[in-house]
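Report on the following structure.
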Amino acid sequence: FTMNLTNAQDPTGQFDTWLEASLDGGTKWNGKSDGTGTPYRASCCVGTHYFPAIAVGDPGQVDMAWLRTKFVTPTTPNGKPLVNADANANWRVVMAQNVGTGGEPTWRYVTKGFVHYGDICTLRILPTRGIGPKPSGTSSISRSTRAASPTWCSPFRTPRPAV
29 FTMNLTNAQD PTGQFDTWLE ASLDGGTKWN GKSDGTGTPY RASCCVGTHY FPAIAVGDPG
89 QVDMAWLRTK FVTPTTPNGK PLVNADANAN WRVVMAQNVG TGGEPTWRYV TKGFVHYGDI
149 CTLRILPTRG IGPKPSGTSS ISRSTRAASP TWCSPFRTPR PAV
């Protein structure tokens, strides 16, 4: 399986993508039966790496993909991403692949351009209220303010500014 650690847990001090593997049906993970096997770092470079996904084939064959920005997202005191700190980040889809040769995986960008601009919410989505049609036929959206709960992420994104 794949995972993201908090910055406090990640030895690189950034949000990287890690892989845990079992080659014996789950008895041992990364070579240890007591849970102490060191995860494999899949992400390649400095930056923030979120939402890993995995596909496997024959033993030793694995593909992983995730979102990456060059921006290193700072953290809150509890090691979680600081909300809106990466508001100007450009995100790409990155892929790591190992074809069973036993060496390091190869990394490549899956997309030529950016797939997202701005903050990516990895915490709680801001609760919304009052979404729906008004009697006049127009719609309104009202929501709680961040001032009430600064750790909530807004599901409503600001469009990328014109360059």
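Under the working numbering, the first residue of the sequence shown is numbered 29, with each subsequent residue one higher.
We put the CB at the ideal spot given by N, CA and C, even for glycine.
Being a predicted model, the structure only gives us computed values, none of them experimental.
- DSSP places Gln-125 inside the beta strand (DSSP E), whose first and last residues are 118 to 127.
- Setting aside the 5 residues that flank it on each side, Asp-114 is surrounded in the same chain by Phe-99, Thr-101, Asp-147, each with a C-beta closer than 6 Å to its C-beta; the list follows chain order.
- Listed as beta-bridge partners of Ala-83 by DSSP are Asp-91.
- With fewer than 16 other Cβ atoms from the protein chains shown falling within 10 Å of its own Cβ, Ala-83 counts as exposed.
- Here DSSP, grouped into helix, strand and coil, assigns Pro-109 to strand.
- Between Arg-69 and Asp-44, the beta carbon gap of about 6 Å places them in contact (Cβ cut-off 8 Å).
- For a cut-off of 8 Å, the C-beta gap from Gly-75 to Gln-42 is around 7 Å, short enough to register as a contact.
- The three-state secondary structure of Thr-101, taken from DSSP, is coil.
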